[in-house]
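Novice: Here the protein sequences come in this chain order: W and E.
Our numbering applies: residue 1 is where the first sequence begins, and numbers increase by one.
Our numbering applies: residue 1001 is where the second sequence begins, and numbers increase by one.
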Amino acid sequence: MGNPIIFLLLAIVAIGSAIGMLTSHNAVHSALYLVLNFATIGVFYIVLNAPFIAMVQITVYAGAIMVLFLFVIMLLGAEQLRGVTDVHGGERFHRAVAGLLAAVLLLSSALLLFQSETPAATAPMLDTSPTALGLHLFSGYVFPFEVTGLLLLVSMIGVFIFGKTKKRGKDA
Amino acid sequence: MPEVTIDWYIALSVILFTIGSLGVLLRRNAIIIFMSVEMMLNSANLAFVAFARYLGDLDGQVLVFFVITVAAAEVAVGLALIVAIFRTKKSINIDDMNLLKG
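1. Write down the C-beta distance between W/VAL72 and E/VAL1083 rounded to the nearest angstrom, noting that I regard them as a contact closer than 8 Å.
2. What number of angstroms, rounded off, separates the C-alpha of E/SER1091 from the C-alpha of E/ASN1029?
3. Within 10 angstroms of the Cβ of W/SER155, are there 16 or more other Cβ atoms? Answer buried if so, exposed if not.
4. When the Cα of W/HIS136 is compared with those of E/LEU1063, E/ILE1031, E/LYS1089 and E/SER1043, which residue comes out closest?
5. Which residues, taken in chain order from the segment 1061-1081 of chain E, show a beta carbon closer than 8 Å to some beta carbon of chain W?
6. What does the alpha-carbon distance come out to for the pair W/LEU113 and E/ASP1007?
7. Using a 10 Å radius around the Cβ and a threshold of 16 neighbouring Cβ atoms, would you call E/ARG976 buried or exposed?
8. Assuming E/LEU1041 and E/SER1013 make a contact with CB atoms under 8 Å, what is their CB distance in whole Å?
9. When burial is assigned at 16 or more other CB atoms within 10 Å of the CB, is W/GLU182 buried or exposed?
10. Could you give the DSSP three-state label for W/PHE160: helix, strand or coil?
11. If we count the other Cβ atoms within 10 Å of its Cβ and call it buried at 16 or more, is W/ASN26 buried or exposed?
12. Does the Cβ of W/ASN37 have 16 or more other Cβ atoms within 10 Å, making it buried, or fewer, making it exposed?
13. Since I believe E/ALA1072 is in contact with W/GLY163 (beta carbons under 8 Å), could you give me their beta-carbon distance rounded to a whole number of angstroms?
14. Give the straight-line distance between the Cα atoms of W/PRO5 and W/VAL47, rounded to the nearest whole angstrom.
15. Closer than 9 Å, Cβ to any Cβ of chain E: which residues of the segment 58-69 of chain W, in chain order?
16. Taking Cβ-Cβ distances shorter than 7 Å, what residues in chain W pair up with E/MET1001?
17. By a C-beta neighbour count over all protein chains shown, 10 Å radius and 16 as the cutoff for buried, is E/GLU1038 buried or exposed?
18. Between W/ALA62, W/TYR45 and W/THR40, which lies nearest to W/ALA31 when the distance is taken from Cα to Cα?
19. To the nearest whole angstrom, what separates the beta carbons of W/LEU76 and W/PHE44, a pair I think is in contact under 8 Å?
20. Please check the pair E/THR1069 and W/THR148, which I expect to be a contact at CB under 8 Å, by giving their CB distance rounded to whole angstroms.
21. Quick check: the Cα distance between W/GLU91 and E/ARG1027, rounded to an integer number of angstroms?
22. When you compare only the Cα positions, how much space is there between W/THR85 and E/THR1088?
23. Can you list, in chain order, the residues of the segment 9-21 of chain W whose Cβ is nearer than 7 Å to any Cβ on chain E?
24. Does any residue of chain W have a CB that is nearer than 8 Å to the CB of E/LEU1099?
25. Give me the Cα-Cα distance between W/GLY140 and E/ASP1059, rounded to the nearest whole angstrom.
26. With a Cβ-Cβ cutoff of 8 Å, do E/ILE1015 and W/ILE41 count as a contact?
In structure tokens form, the structure reads like this:
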């Protein structure tokens, strides 16, 4: 499942950009770090023999979704959002609890990984061309596909309503 | 040289998921919380694709396809919500969103 050196380099970039997103104070920098993270995961998809998913990742995630994020950040002028409200006294305690929870999650999953004995042999390479993926999608997943279309319609109507009530409120 | 197994990908996925959940817990900017949620979804997608490669099964990739669609819909609705909240409260700090608190 790929060359270990390439894996480690890509993993370092992915984790580094994720930590950069978590720690940078400027929201635009966070968004750009996240674009880098998504692109790295797209490269992982190519390594994992999923070229179509990789292209969807780049166009939909790194392209459309992140452009939407950047647009909203710049529309609201929310680049620098520091403590608008007072920092309450329990802040340090909350951070410690969050760190503890993260450590428990990491440790328990590491324990599970070390205990499991997965055979190293992987299945033979599948045909993962868009044609094969589309045939698979439309032979076994027609109903979920329809539901997804309905979901997109409903979310579009929801966004229209969110945008519209504001205008009506302003007029009234 | 060690061979890259499914465990490596699961470990990377877990690390990215943990960083994303830390972002949700620690940050106060609602947009950055949304971005962290996206990163958690992405780490789950990475595990899906790794398992699809490992098991030689296309179902994992089809599921990733659905997850990406749902994430796109979620981002559109969520950002519209954030813009609506910003218009009324002039802030997207989640500490200011306490009207339901009583």
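Cβ coordinates follow ideal geometry from the N, Cα and C atoms, glycine included.
Specialist: Reading it off the structure:
1. 6 Å
2. 9 Å
3. buried
4. E/LEU1063
5. GLN1061, VAL1062, VAL1064, PHE1065, PHE1066, ILE1068, THR1069, VAL1070, ALA1071, ALA1072, ALA1073, GLU1074, VAL1075, ALA1076, VAL1077, LEU1079, ALA1080 and LEU1081
6. 7 Å
7. Residue numbering for chain E in the displayed model covers 1001 to 1102; residue 976 of chain E lies beyond these limits and cannot be assessed.
8. Not really, about 11 Å apart at Cβ, beyond 8 Å.
9. Absent from the model: residue 182 of chain W. The displayed extent of chain W is 1 to 172, so no value can be given.
10. helix
11. exposed
12. buried
13. About 17 Å; that fails the 8 Å criterion.
14. Per the sequence shown, residue 5 of chain W should be read as Ile rather than Pro. Rounded to whole angstroms, W/ILE5 to W/VAL47 spans 13 Å at the Cα level.
15. VAL60, TYR61, ALA64, ILE65, MET66, LEU68 and PHE69
16. PRO4
17. buried
18. W/ALA62
19. Their Cβ separation, rounded to whole angstroms, is 32 Å, which puts W/LEU76 and W/PHE44 out of contact at 8 Å.
20. 5 Å
21. 11 Å
22. Low confidence applies to W/THR85: its pLDDT is 45, below 50, so where it sits in the model is not reliable, and the reading given next is rough at best. Whole-angstrom Cα-Cα distance: 17 Å.
23. ALA11, ALA14, ILE15, ALA18, ILE19 and MET21
24. no
25. 9 Å
26. no
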